[in-house]
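Trainee: The numbering of the sequence shown is the working numbering, which starts it at 21 and goes up by one. Dumping the structure here so I can ask a few things about it.
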Amino acid sequence: MRDIRVIGDPVLRTPATPVTDFDRDLRRLINEMFAAMYSVDGVGLAGPQIGVSRRLFVYDISGRKGHLINPEVTVDDPEPIVDEEGCLSVPDRAKGSPLYAPTPRAAGVTATGFDKLGRPLRIKARGTLARCFQHENDHLNGELYVDRLPRETARAVLLQAP
Ligand SMILES: [Zn+2]
21 MRDIRVIGDP
31 VLRTPATPVT
41 DFDRDLRRLI
51 NEMFAAMYSV
61 DGVGLAGPQI
71 GVSRRLFVYD
81 ISGRKGHLIN
91 PEVTVDDPEP
101 IVDEEGCLSV
111 PDRAKGSPLY
121 APTPRAAGVT
131 ATGFDKLGRP
141 LRIKARGTLA
151 RCFQHENDHL
161 NGELYVDRLP
171 RETARAVLLQ
181 AP
C-alpha cells in the first residue's frame, strides 16, 4: 500500500508532468491509487499525493467513480460556491483525519483528459464533483486547497496540520 504524502512534502508543491505511456504500469498505478484512497475513506486522490509526480487523479464521489489522465479542467460556471473541503494531505496532526474549511470553488466545470487506455474523456460536473475536479487538478499544479482560503482561515487550518 502506498503512503499518502502530507503537507510539508515537496512533491505536493511540485507541478506534475504529463503521463506519456498508457501501459500496464499505468493501469497498476491507478489500481494502487484507488486502494490508497479507499483505505482512508477518501473521495479523490492525485498522483503527487502518493509521491508520483504525474498528471492523473482518481475519484469516487456521490456515486460517480473514475480516473482522469492528463486532465484539463475548464470553468463553465464561475459562480463561487463556498462549501466544506478537506484533503488527505492536510491532516490534523493530532487525529490524522483531514482538516476541513469552507472553500470557494467554481460552480460548474468541464474536465477533459484520457482514460487508462488512452481514450479521450469529457465530463461535465457541478456541485461536489466539480469541487473534486478542481481540487484534484490543483494537486497536479502543486497547489493545495488551503491556497484558496482567506488568509486567516488558512492560518487556522495550518496551525493544526503537521
Ligand atoms: Zn487533496
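All C-beta atoms in this analysis are idealised placements derived from N, C-alpha and C, irrespective of residue type, glycine included. It should be emphasised that the depicted structure is a prediction, and the values quoted were computed from it without experimental measurement.
Given that a residue counts as buried once 16 or more other Cβ atoms are within 10 Å of its Cβ, and exposed if not, what is Leu179?
Mentor: Label assigned to Leu179: exposed.
Trainee: Applying the 10 Å Cβ sphere with the 16-neighbour rule, what's the burial state of Met57?
Mentor: Buried, since its Cβ has 16 or more Cβ neighbours within 10 Å.
Trainee: Around the C-beta of Asn157, are 16 or more other C-beta atoms found within 10 angstroms, so that it is buried, or is it exposed?
Mentor: Counting Cβ neighbours within 10 Å, Asn157 comes out buried, since at least 16 surround it.
Trainee: Please find out if some non-hydrogen atom of ligand 1 comes closer than 7 Å to the beta-carbon of Ser109.
Mentor: Yes, since a heavy atom of ligand 1 falls inside the 7 Å radius drawn around the Cβ of Ser109.
Trainee: Any contact of the segment 106-114 with the segment 124-136, i.e. 3+ C-beta pairs under 8 Å?
Mentor: Taking 8 Å as the limit for Cβ pairs, the verdict is that the segment 124-136 does not touch the segment 106-114.
Trainee: How close, in whole Å, do the beta carbons of Gly31 and Phe54 come, if the pair is a contact with beta carbons under 8 Å?
Mentor: The residue asked about is misnamed: residue 31 is Val in this sequence, not Gly. No, Val31 and Phe54 are not in contact; Cβ-Cβ is about 19 Å, not under 8 Å.
Trainee: Ser82 and Leu149 look like a contact to me (Cβ under 8 Å); what is the Cβ gap, rounded to whole Å?
Mentor: Ser82 to Leu149, Cβ: 6 Å. Contact.
Trainee: Spatial neighbours of Leu164 within its chain, please: C-beta separation below 6 Å, excluding the five flanking residues on both sides.
Mentor: Correct list: empty, nothing qualifies.
Trainee: Closer than 7 Å: is that where the CB of His159 sits relative to any heavy atom of ligand 1?
Mentor: For ligand 1, at least one heavy atom lies less than 7 Å from the Cβ of His159.
Trainee: Could you round the C-beta distance between Arg25 and Gln69 to whole angstroms and report it? I think they count as a contact, below 8 Å.
Mentor: Yes, they are in contact, since the Cβ atoms of Arg25 and Gln69 sit about 6 Å apart, within 8 Å.
Trainee: According to DSSP, simplified to helix, strand and coil, what is Asn51?
Mentor: If DSSP states are grouped into helix, strand and coil, Asn51 belongs with the helices.
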